[in-house]
Amino acid sequence: MQTVTIVGAGPAGLVAAKMLLTDGFDVTIFEKHASLSGIWSFEGAYYNLHTQQPGGTIEVSDLYDEYASWEHVHAYLCKYADKFDRTSHIRLRSQVLSIFKSNLHNAEESWSITVEQTTETLSSIEAFHFDFVVIVSGLFSSYHMPLVRGQEKFSGSIVHANDIKSHEQLVGHYLRFSFLSDADAPTMGLPHGTSNDLDLYRRLIPVSEPKIAFLGYVSSNGTWMIDEVASHWVSNYFKGVQLLPSREEMQKEILTIRDFVLSHFGTTACHIRYF
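Residue numbering for the sequence shown follows our numbering, beginning at 231 and increasing consecutively.
Shown next as structure tokens:
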């Protein structure tokens, strides 16, 4: 049986696990938090957080949900994992430190994964090997702290909104907010042509690196259902059912999309709302 590791037990990770397990893969999910559901967990959410989307747009196709608090969404995702017996495949408090291959282009070589696993009192480093890797760490798993002009002159504390879990943290403080334009917002990817640039075909598959996929990097209404379709596509790719075009054809499509994104959104990086 071929093995797959999924990095992240948020909505996209759980959806991917369901599809890959259904298709006969041996799946292990590594989640750095103490509970599943990604930003909808206690570690990721803030007090009184609710979804911004109505029922029918923030759910998977085979389990209905409606407008909800983060606690409800968390419970919904736990129910989803339990319903399809996926919870036993999740390793909580397990942060992936590195994903390595000596030759990224070699389809025969397995992936070496280094993971730090922690408990309340101990931590340990373990090494694993998998045939395939799916990265689903998400768009919002790590926040971006921008540099604001003149901030070195500010005598107070500078914190990110992600660190504010309750209004009680702000009581008794004088607040100053800096608002960023869309141009200041972080974008996915790096300028084309840099050494760290990674071209993803259909926002999923690196053009030159086999046996790895990136899932959950599209933000729109119905994101979780998009993840379901994408997971099915990735699973078929891993099984060898979904064949890829030539490298030249994939690059041509990527460049066409880059030109579209540049003309419509003014950036050369992938825009999260364009699939």
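Each residue gets a CB set at the ideal place from its N, CA and C atoms; glycine is no exception. Here the structure is a predicted model, which is why all the values come from computation and not from measurement.
*Given I329, which residues of its chain have a CB within under 7 Å of its CB, disregarding the five upstream and five downstream residues?*
Correct list, in chain order: W341, I343, V363.
*asked:* Quick test of your reading: K248 and D361, contact by CB under 8 Å. State the CB separation rounded to the nearest angstrom.
replied: Between D361 and K248 the Cβ distance is about 19 Å, and since that is not below 8 Å, they are no contact.
*State yes or no: is the C-beta of D312 within less than 8 Å of the C-beta of S465?*
no
*Whole-number beta carbon distance between A239 and G274, since they are thought to touch under 8 Å*: With a Cβ gap of about 11 Å, G274 and A239 do not count as contacting.
*asked:* Within 10 Å of its beta-carbon, does I259 have 16 or more other beta-carbons around it, so buried, or fewer, so exposed?
replied: buried
*Which same chain residues, not among the five before or five after E479, have their C-beta less than 7 Å away from its C-beta?*
none
*Contact with chain B by E478, beta-carbon distance below 8 Å*: No chain B appears in this structure, which consists of one protein chain only.
*Ordered along the chain, which non-local residues of its own chain (more than five positions away) have a Cβ less than 7 Å from that of I388?*
Q381
*Where A413 and V303 are concerned, what is the direct C-alpha to C-alpha distance, given to the nearest angstrom?*
Summary for A413: the model assigns pLDDT 38, below 50, so the residue's position carries little reliability; its value from the coordinates is reported in the next sentence. If I take the Cα positions, the gap works out to 31 Å.
*Please state if the CB of L322 and the CB of A242 are separated by a distance shorter than 8 Å.*
no
*Give, in chain order, every unbroken run of the alpha helix (DSSP H) that is at least 4 residues long and sits entirely within the stretch 290-340.*
Taking 4 residues as the shortest admissible run, the stretch 290-340 contains the following complete alpha helix (DSSP H) segments, listed from N- to C-terminal end: 300-313.
*Beta-carbon gap between L474 and Y431 smaller than 8 Å*: yes
*Give me the Cα-Cα distance between I487 and P436, rounded to the nearest whole angstrom.*
15 Å
*Where K262 and L352 are concerned, what is the direct C-alpha to C-alpha distance, given to the nearest angstrom?*
Inter-residue distance for K262 and L352 is about 14 Å (C-alpha atoms, whole angstroms).
*How many angstroms separate the CA atom of H374 from the CA atom of H390?*
Inter-residue distance for H374 and H390 is about 8 Å (C-alpha atoms, whole angstroms).
*asked:* For a quick check, are the C-beta atoms of V366 and I236 less than 8 Å apart?
replied: V366 is a Cβ neighbour of I236, given a cutoff of 8 Å.
*Between the Cα of T210 and the Cα atoms of E339, N278, N333, which residue gives the shortest distance?*
Absent from the structure is residue 210, since the part of the chain shown begins at 231 and ends at 505.
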